[in-house]
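Colleague: Here it is, the structure in full.
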Amino acid sequence: MNNDWTTCKIGDICKKICSGGTPKSNEPSYYGGNIPWLNTKEINFNRIYNTEKYITSSGFDNSSAKWIDANSVIVALYGATAAKVSINTIPLTTNQACCNLTIDETVADYRYVYYYLRRNYQHLALLANGGAQQNLNAQQIKDFNIILPQLPIQHKIANILWTIDDKIELNRRINDNLEEQAKALFNHYFIQNTENLGEWQDGVLT
C-alpha cells in the first residue's frame, strides 16, 4: 500500500459521535411538527433529503433526540438495516438506533468515509451480535478501522463516486417520472374515458 495511506479508527476522525432518541409514540403532541426525525428503516446506502416523520419542539425537548449536522455519516445499529449507512443532506434528528458521525473535515472527507463504510458493509455487519435481531453498538463503530489516503486524494475519490451517484439518482427520478406519466395515461384511456375506445371484443391470446 502507498505510504501516504494510513489506517486509523472511525472514532479518530470524528468531531462528534452520538445516537438519537424517540419521543413517546402515545403522545400526539410530539409528532407532526417541523423537525425532521429519521428512523433507521430509511437508511439504505442513500442520501437523506427529508424524513418520513417530523417531530415537534415538545417531542424534541422530552426525548433524547439531538440535532445532527448536515453531511454527517449515519450508521444503522439495529435490526435488518444494521451496518447500512446514509448521508443526511439536511440537519435532522434521529432515533436511538442511529450512530451519527460528524466527520472532522480537516482529516477526512465525509463522502469518502461514507463510501468506505458502504464498501465494507459486510465486514461491519459481521460485528453485529444477538440472535434474530443483529445489533451493533457505538463502540464497535468507533473502533472500526478505516484506510485513509491524503485528504486531496480522498476528495478526488469522493468526487468521482458522488458524480456517479448523482447520475444514478437523476436516472431514477426520470424513470419515476416516466412511470407516473404511464400511470396517468393508463388511467385516462382505460379507466376515465373508456367510451372513447369504441367497442371491445373478447379474444384469445396466442
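For the sequence shown, my numbering begins at 82 and goes up steadily by one. Cβ coordinates follow ideal geometry from the N, Cα and C atoms, glycine included. Please read all numbers here as calculations on a predicted model, not as lab measurements.
#1: Measuring alpha carbon to alpha carbon, tell me which of K90, N143, G92 ends up nearest S106.
#2: When DSSP builds the beta bridges, which residues end up paired with T175?
#3: Round the Cβ separation of L182 and I98 to the nearest angstrom and send it over; I've been treating them as touching at under 8 Å.
#4: Taking 7 Å as the threshold (C-beta atoms), are K223 and I91 in contact?
#5: Which complete beta strand (DSSP E) runs does the stretch 119-168 hold, if anything under 3 residues is left out?
#6: Do R200 and V166 have their C-beta atoms closer together than 7 Å?
#7: Short of 7 Å in beta carbon distance, which residues of its chain neighbour C95, apart from the five on each side in sequence? Order them along the chain.
#8: Taking one C-beta from the stretch 107-125 and one from the stretch 134-150 each time, how about it: are there three or more such pairs within less than 8 Å?
#9: What first and last residue would you give for the beta strand (DSSP E) that runs through L229?
#10: With DSSP as the reference, label K223 as helix, strand or coil.
#11: On the criterion of 16 or more Cβ atoms from any shown chain inside 10 Å, does F267 qualify as buried, or is it exposed?
#12: What do you get for L158, buried or exposed, if any count of 16 or more other CB atoms within 10 angstroms of its CB means buried?
Modeller: Based on what the coordinates show:
#1: Your numbering for residue 106 matches position 25 in the sequence shown. Of the candidates K90, N143, G92, the one whose C-alpha sits nearest the C-alpha of S106 is N143.
#2: For this step, residue 175 is matched to residue 94 along the sequence shown. Answer by DSSP bridge pairing, in chain order: L119.
#3: As a working mapping, residue 182 is identified with position 101 in the sequence shown. As a working mapping, residue 98 is identified with position 17 in the sequence shown. Contact holds; Cβ gap of about 6 Å.
#4: Locating residue 91 in the sequence shown gives position 10, where the first residue counts as 1. Locating residue 223 in the sequence shown gives position 142, where the first residue counts as 1. Their beta carbons are under 7 Å apart, which means I91 touches K223 by this criterion.
#5: 127-129, 134-136, 154-157
#6: Here residue 200 corresponds to residue number 119 of the sequence shown, with the count starting at 1. Here residue 166 corresponds to residue number 85 of the sequence shown, with the count starting at 1. The answer is no: Cβ separation not under 7 Å.
#7: On the sequence shown, residue 95 is found 14 positions in, with the first residue counted as 1. Once the five neighbours on either side are set aside, the close Cβ partners of C95 are L182, T183, I184, D185.
#8: yes
#9: Residue 229 sits at position 148 when you count from the first residue of the sequence shown. That run of the beta strand (DSSP E) goes 226-229.
#10: Taking the sequence shown and counting its residues from 1, the one referred to as residue 223 is at position 142. It is helical.
#11: Within the sequence shown, residue 267 is the residue found at index 186, counting from 1. By the 10 Å Cβ count, F267 comes out exposed.
#12: Here the question's residue 158 lines up with position 77 in the sequence shown. When all chains shown are included, L158 counts as buried.
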